[in-house]
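Quick note, my numbering runs 1118 ahead of the 1-based positions in the sequence shown.
In this text, a Cβ means the ideal position worked out from N, Cα and C, and glycines have one as well.
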Amino acid sequence: MNKKPHLDDEALSELRDVMEDEFDVLIRTYLSDSGERIDILRSALSSRDSQAFTHSAHSFKGSCINIGAPRLGALCSEAEIAGREERIDDAAHLLDDIQSEFLTVRQLLEQTLMR
1119 MNKKPHLDDE ALSELRDVME DEFDVLIRTY LSDSGERIDI LRSALSSRDS
1169 QAFTHSAHSF KGSCINIGAP RLGALCSEAE IAGREERIDD AAHLLDDIQS
1219 EFLTVRQLLE QTLMR
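Next up, the structure:
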């Protein structure tokens, strides 16, 4: 999993081509939504709601993959599995990893917006 890049430059380039002027809006929306998704994951974890955690991790995984953040998507996939298997302690560690990776992705995407 660590071999996956933080960002898939080819996927981002394709998104930029397809979205044209809306690319910046898409990235800003993803960044805003991602912060909310992490909050939802944290809330589900603190209430030990493995079903809500699983659902949120699955949804976030799709967003990450679609935007071109494969490492973050892979972490969300692992979190989804941990939630489905009710491995709450593993899910807590994964959520920390997700948050850390998101900070890296956020920084890289913000740099992409400045280009």
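Quiz item: Whose C-beta lies closer than 8 Å to the C-beta of L1213 among residues of the same chain, with five residues either side of it excluded?
Solution: Locating residue 1213 in the sequence shown gives position 95, counting from the first residue. Annotation for L1213: I1156, L1159, R1160, L1163 and A1197 place their beta carbon closer than 8 Å to its own, counting only its chain and skipping 5 residues before and after.
Quiz item: Alpha carbon to alpha carbon, how far is E1109 from M1232?
Solution: Here the chain comprises residues numbered 1119 to 1233, so residue 1109 is not present and cannot be evaluated.
Practice problem: Could you pull out every residue in the same chain whose Cβ sits closer than 8 Å to the Cβ of L1102, ignoring the five residues on either side in sequence? | Solution: Residue 1102 is absent from the model: the chain starts at 1119 and stops at 1233.
Quiz item: At what residues does the alpha helix (DSSP H) containing D1135 begin and finish?
Solution: Residue mapping note: residue 1135 aligns to position 17 of the sequence shown, counting from 1. Counting along the chain, the alpha helix (DSSP H) containing D1135 begins and ends at D1127 to M1137.
Self-check item: Buried/exposed call for G1191, threshold 16 Cβ in 10 Å
Solution: As a position in the sequence shown, residue 1191 is number 73, starting the count at 1. Burial call: buried.
Self-check item: Residues of its chain near I1185, where Cβ-Cβ distance is below 6 Å and the 5 sequence neighbours each way are ignored
Solution: Counting from one through the sequence shown, the residue named residue 1185 turns up at place 67. Closer than 6 Å at Cβ, skipping near neighbours: Y1148.
Quiz item: Can you list, in chain order, the residues of its chain whose CB lies under 7 Å from that of R1202, leaving out five sequence neighbours each side?
Solution: Translated into positions along the sequence shown, residue 1202 becomes position 84. Only T1172 meet the Cβ criterion.
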